[in-house]
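Engineer: Quick one: this structure, given as structure tokens, is what I'll be asking you about.
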Amino acid sequence: MEDSKRSSVESQLSENTSNKAGRHPIHNLADNAHGTPPALEEMDSVLAGFFRATGVSVSLLTYPEGRTAAQAGWQSLCKGFHLSDARSGRVCRDNCLSLLASMDGGDNPAARICGFGLTDAALPIFHDGKQVFTLIAGQALTQEDPDPKKFAEICREYGYNQESYLDALTRIPRMSMHKLLDHLRFLAQTVASLYSRDASLKEKNGALEKLAAAKESYRSLVRSLPEIVMRLDSEGRILALNRTLDGTPVEMVLGSSVLTYISSKFRTNLDKAIRQVLETGRAGDLEVKAAGPNQSIKSWYEVRITPIEMEGKPPDLTMIATDITRRKAALKALVESELKYQTMLDSLQEGFFELDLEGNLIFVNDALCRIYGLSREEMLGLGYRQYTRSETASQLFEMFNRIYRTGEPARVVQYQVVKLDGTPVQIQMSASLKTVDGKPAGFRCICRDISHILEAQKEKDRLEKKLTQAQKLEAIGTLAGGVAHDFNNLLTGLQGNVSLMLQDLEPVHPHYGRIQDMEAYIAAATGLTRQLLGFARGGKYEVRTLDMNKLVDKTLHMFGRAAKEVTIHRDFQGSWAVDADSGQLEQVLLNLFVNAGQAMPDGGDLYIQTQNIQLDEIFVKPYSLEPGKYIKVSVTDTGHGMDEATQQKVFDPFFTTKDVSRGTGLGLSSAYGIIKNHQGMLTVYSAPGKGATFNIYLPAAAKTEVAMEEKASLGILYGSETLLLVDDEDVIIKTGGEILKALGYQVHLAGNARTALEIFKESHREIDMVILDMIMPDMTGEEVYDQLKLIDPAVRVLLSSGYSLNGQAVEIMQKGCNGFIQKPFNLEQLSHKIREVLGKNDCSE
């Protein structure tokens with residue numbers, strides 16, 4: 042059986058060569074060599090025959106390098122499954138390495154069954170006592186009864202398709218281990234025979250070549266040259282040649298004119314060159330384009346013609362033609378590549394340039410020329426010290442020196458360079474070493490102008506500071522508003538009791554004066570809380586449409602009477618109206634005027650300007666305002682000015698640069714809050730010794746009709762209607778109820794929202810007006826107001842709050858609420874407000 046298999050192997054091997062009966066294919070290879078040793082690659086056919094005969098894949102590796110010299114066959118099981126998965130591929134590689142490692146160094150074969158149950162084998166091949174190859178064969182099934190379960194487990198472990206895997210397994214050759222190694226030994230003998238014969242033939246042919254070289258050294262040397270070498274007579278006929286021309290055998294070329302093989306456009310030039318060499322006796326060079334007799338060859342050649350002196354005869358010529366077609370194509374491609382490279386680099390927005398090792402510019406792109414404002418011709422040749430300041434030049438020298446020494450690029454560095462006109466430019470640059478043939482040849486750099494980015498960053502930082510300042514002031518304002526609200530409730534109780542006491546006492550009473558003093562103190566405290574509320578978010582009281590020019594002029598008159606040493610300059614350009622609380626804006630303007638006067642203790646100039654302006658989204662974004670029409674009021678003094686640190690704190694509550702006796706530090710903070718609460722902004726610009734400018738920006742009113750000023754009413758007004766007082770503060774309920782009764786009213790009292798609604802639901806027909814607190818724990822003032830309107834749509838409501846007329850209060854007023862009064866209020870103020878809401882003017886005191 043095994044003998045039959047061996048015969049089959051020999052039969053399959055014989056298909057690769059012209060087999061002769063009774064002889065092994067290696068003999069046929071030797072016969073076909075005709076004295077020329079077979080190349081190593083020819084062993085592929087022998088290995089291919091082995092694979093077809095046995096079904097066993099085989100590879101021939103050089104020793105000790107381990108390179109594949111020849112191979113045949115790939116098992117579909119190996120290629121389609123084992124090597125297609127990273128994990129199973131590692132099993133294959135590890136098995137192969139283990140197989141090679143198990144070889145004992147002698148001529149014994151080695152065999153292993155891999156983790157997939159297949160057998161691989163290896164056998165060394167020796168020549169003259171030295172190992173020259175390692176023959177590896179695999180895979181084969183050498184087990185008599187392989188366990189199918191093992192192959193099913195392999196499929197599950199590596200995720201193979203079991204049906205396809207088992208089908209591929211059926212194509213794996215099955216043979217005994219003995220038979221596999223026998224086949225391998227036979228193949229090894231065949232390869233060794235081929236190799237020995239090849240080596241023997243090479244040695245023999247080497248001796249012949251040496252002998253031929255000794256006899257015809259010149260001819261061998263000429264034939265080995267890559268150039269075309271020919272000998273011409275004085276008429277240009279070819280006498281000798283080292284290779285064919287245009288596919289024409291040398292024998293047929295000899296005797297023909299060399300001009301025959303030159304393109305017609307270059308024949309005249311070559312003929313002139315030949316004549317000139319013959320006349321002068323000096324060698325000549327030229328480039329020609331070759332073309333065969335049929336003009337099919339179109340290669341370029343560099344030709345050198347040299348005379349050969351002949352005794353008693355006209356000299357012959359040696360013509361050496363070097364094919365430069367590839368060189369010219371490469372040169373053309375190089376030119377095109379450089380043009381493409383230049384075009385690509387010129388399309389970059391970033392500047393690109395190259396320096397030689399001395400730091401001189403040898404290449405620049407268009408973007409770099411734009412950065413420096415110079416042409417390419419003006420840039421080339423400049424040294425980096427010519428477009429940098431001395432300190433920057435030193436830094437660049439250190440950077441280039443470090444790149445030169447280490448070869449490491451400089452990632453991103455920032456430098457200031459300077460144009461030739463002196464304009465500084467901030468650039469961001471990366472640099473790397475340029476090498477030619479592995480040696481440093483210069484530097485490549487890419488840069489971009491980041492001047493505008495730095496300017497934008499500065500502006501961003503400035504805006505962020507403004508935003509932070511605004512957020513800080515808003516947070517402080519919220520706190521200040523809460524404190525002022527609670528304090529106002531206490532002051533309301535005090536004011537109410539004081540008002541009641543004054544009602545009951547005659548002016549001659551010994552305590553009457555003290556109680557009046559208490560009322561004055563309460564008024565002063567009320568002014569302080571108004572400043573806090575002015576600073577707090579949402580601090581408006583009575584909003585009307587105002588003529589800003591008239592308001593500014595009126596306030597200037599008030600200030601001017603007390604500041605004779607200040608020269609006032611008016612420039613009123615604005616004509617738009619504003620919706621604002623005139624009292625609060627007067628407070629803002631007076632604060633700014635007084636601060637300006639105090640900044641000029643020895644007198645100075647105060648410039649007041651109003652303007653109509655249009656603010657865009659970029660300008661108002663840091664202040665969280667809407668773009669549109671604004672009235673700008675500028676207050677500029679010529680005082681001592683402020684530094685940056687002072688400007689950052691100037692609007693903070695209780696911050697002051699004055700003596701404690703001259704200010705509380707609430708003036709500018711309340712001014713800031715008031716303008717903020719009018720959906721405007723207040724900014725400051727100053728420098729030490731340069732004075733200061735405060736700019737007020739207020740949104741222009743939608744309507745242009747200016748409200749008339751109201752005349753103040755004097756005296757206490759009385760009534761007899763029925764009122765409902767709603768407040769969650771006990772002190773307000775107690776004193777408020779007494780005050781209302783003192784004014785002649787019938788009073789219902791409610792200490793919370795639910796009680797108030799119950800009372801109103803039962804008695805709304807007899808209740809003429811509700812005095813409603815805006816802030817209560819169980820329901821908001823707006824919710825209570827809505828419920829009151831549901832019960833009686835005609836109800837009159839006077840809104841009362843320790844806060845000023847802000848967001849929620851404005852919403853209630855816009856729903857139809859009849860009036861607003863801010864705590865604390867005295868008897869006279871409350872009496873007038875009640876009569877105003879009721880729409881009646883009863884008798885006054």
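Quick note on the numbering used here: the sequence shown kicks off at 42 and runs consecutively. No residue lacks a Cβ here, since even glycine has one placed at the ideal position from N, Cα and C. All values reported here derive from a predicted model rather than from experimental measurement.
Which first and last residues belong to the beta strand (DSSP E) in which G645 is found?
Structural biologist: Its beta strand (DSSP E) spans residues G645 to L656.
Engineer: Please identify the residue among D239, Q180, F167 and L176 whose C-alpha is closest to the C-alpha of R4.
Structural biologist: Outside the displayed range of the chain (42 to 886) lies residue 4, so it cannot be described from this structure.
Engineer: Let me make sure I understand the geometry here. Which of P834, Q614 and K605 has the alpha-carbon closest to that of Q639?
Structural biologist: Comparing Cα-Cα distances from Q639 to each of P834, Q614 and K605, the minimum goes to K605.
Engineer: Could you check the C-alpha separation between A18 and T103 for me, to the nearest Å?
Structural biologist: In this structure the chain extends from 42 to 886, so residue 18 is not present and cannot be described.
Engineer: Could you work out which residue in Y671, P663 and D622 is closest to K615 when comparing CA atoms only?
Structural biologist: Contrary to the premise, residue 615 reads as Gly rather than Lys in this sequence. Considering only alpha carbons, the answer is Y671.
Engineer: Taking N736 as part of the beta strand (DSSP E), name the residues at either end of that continuous run.
Structural biologist: A733 to P740 is the extent of the beta strand (DSSP E) around N736.
Engineer: Quick one: what's got a C-beta closer than 6 Å to L871's C-beta in the same chain, skipping five residues either side?
Structural biologist: Result list for L871: empty, nothing under 6 Å.
Engineer: With DSSP as the reference, please indicate the residues paired to V99 in a beta bridge.
Structural biologist: In DSSP, V99 forms a bridge with A113 and A178.
Engineer: Please state whether DSSP places S727 in a helix, a strand or coil.
Structural biologist: Here S727 sits in strand by DSSP.
Engineer: At which residue ranges does the stretch 839-872 contain complete beta strand (DSSP E) runs of 3 or more residues, listed in the order of the chain?
Structural biologist: Runs of the beta strand (DSSP E) inside the stretch 839-872: 860-863.
Engineer: Extract the residue ranges of the beta strand (DSSP E) inside the stretch 670-696, only unbroken runs of 3 or more that lie entirely within it.
Structural biologist: Listed in chain order, there is nothing to give.
Engineer: For V549, which three-state DSSP category applies?
Structural biologist: Coil at V549, not helix or strand.
Engineer: Just the Cα atoms here: how many angstroms apart are Q467 and E432?
Structural biologist: Approximately 14 Å, taken between the alpha carbons.
Engineer: Compute the Euclidean distance between the alpha carbons of Q849 and Q688, then round it to the nearest angstrom.
Structural biologist: The straight-line gap from Cα to Cα measures roughly 33 Å.
Engineer: Could you give the distance in angstroms between the alpha-carbon of G146 and the alpha-carbon of L138?
Structural biologist: Spanning the two alpha carbons is a distance of roughly 15 Å.
Engineer: Can you check which of these residues, V405, Q436, F157 and I315, is closest to F193 by C-alpha distance?
Structural biologist: Residue identity check: residue 193 is Ala in the sequence provided, not Phe. Measuring from the Cα of A193, the nearest candidate turns out to be F157.
Engineer: In angstroms with no decimal places, state the Cα-to-Cα distance between E915 and L765.
Structural biologist: Because the chain here runs from 42 to 886, residue 915 falls outside it and cannot be looked at.
Engineer: If you drop the 5 nearest sequence neighbours on each side, which residues of the same chain put their C-beta closer than 8 Å to that of P450?
Structural biologist: Same-chain partners within the cutoff: I444, S471, A472, S473 and L474.
Engineer: Locate the alpha helix (DSSP H) running through S431, then write down its first and last residues.
Structural biologist: That run of the alpha helix (DSSP H) goes S431 to T447.
Engineer: Could you name the residues that DSSP lists as bridge partners for H789?
Structural biologist: BP columns for H789 point to L765.
Engineer: Buried or exposed, going by whether 16 or more other CB atoms sit within 10 Å of the CB of V477?
Structural biologist: Looking at its Cβ environment, which holds fewer than 16 other Cβ atoms inside 10 Å, V477 is exposed.
Engineer: Check whether the Cβ atoms of M360 and F394 lie closer than 9 Å to each other.
Structural biologist: No, these two residues do not count as a Cβ contact at 9 Å.
Engineer: Do you know offhand how far F866's Cα is from K782's?
Structural biologist: Roughly 16 Å separates the two Cα atoms.
Engineer: Anyone know if the C-beta pair for V811 and V851 falls short of 9 Å?
Structural biologist: No, they are not a contact pair.
Engineer: Determine which residues share a DSSP beta bridge with A298 and list them.
Structural biologist: For clarity, residue 298 is Ser in the given sequence; the question names Ala instead. Answer by DSSP bridge pairing, in chain order: R278.
Engineer: Express the C-alpha separation of R837 and Y786 in angstroms, rounding to a whole number.
Structural biologist: Their backbone Cα atoms lie some 15 Å apart in a straight line.
Engineer: Exposed or buried, G680, counting other C-beta atoms within 10 Å across all chains shown (16 or more means buried)?
Structural biologist: Its Cβ being crowded by 16 or more others within 10 Å, G680 is buried.
Engineer: If you draw a straight line from the alpha carbon of T429 to that of F438, how long is it in whole angstroms?
Structural biologist: The straight-line gap from Cα to Cα measures roughly 11 Å.
Engineer: Mind checking who M722 pairs with in its DSSP beta bridge?
Structural biologist: DSSP, once it has assigned bridges, lists Y738 as partnering M722.
Engineer: I'd like the list of long-range same chain contacts for E667, defined as Cβ closer than 8 Å, with 5 residues on each side in sequence excluded.
Structural biologist: Closer than 8 Å at Cβ, skipping near neighbours: V661, Q720 and P740.
Engineer: Do L159 and L228 count as a contact pair if the criterion is CB distance below 9 Å?
Structural biologist: No; because the gap between Cβ atoms is not below 9 Å, this pair is not in contact.
Engineer: Take H598 as the anchor and find which of I563, V635 and G554 has the nearest alpha-carbon.
Structural biologist: Minimum Cα distance to H598 is reached at V635.
Engineer: Taking the runs of the alpha helix (DSSP H) that are 4 residues or longer, which of them lie wholly in the stretch 159-218?
Structural biologist: DSSP runs (the alpha helix (DSSP H)) wholly in the stretch 159-218: 189-199 and 203-210.
Engineer: Helix, strand or coil for G483 per DSSP?
Structural biologist: If DSSP states are grouped into helix, strand and coil, G483 belongs with the strands.
Engineer: Out of L784, T821 and D364, point me to the one whose CA is closest to A797's CA.
Structural biologist: Checked all of L784, T821 and D364; the closest Cα to A797 is T821.
Engineer: DSSP state of K243, grouped into three classes?
Structural biologist: Note: K243 maps to helix in three-state DSSP.
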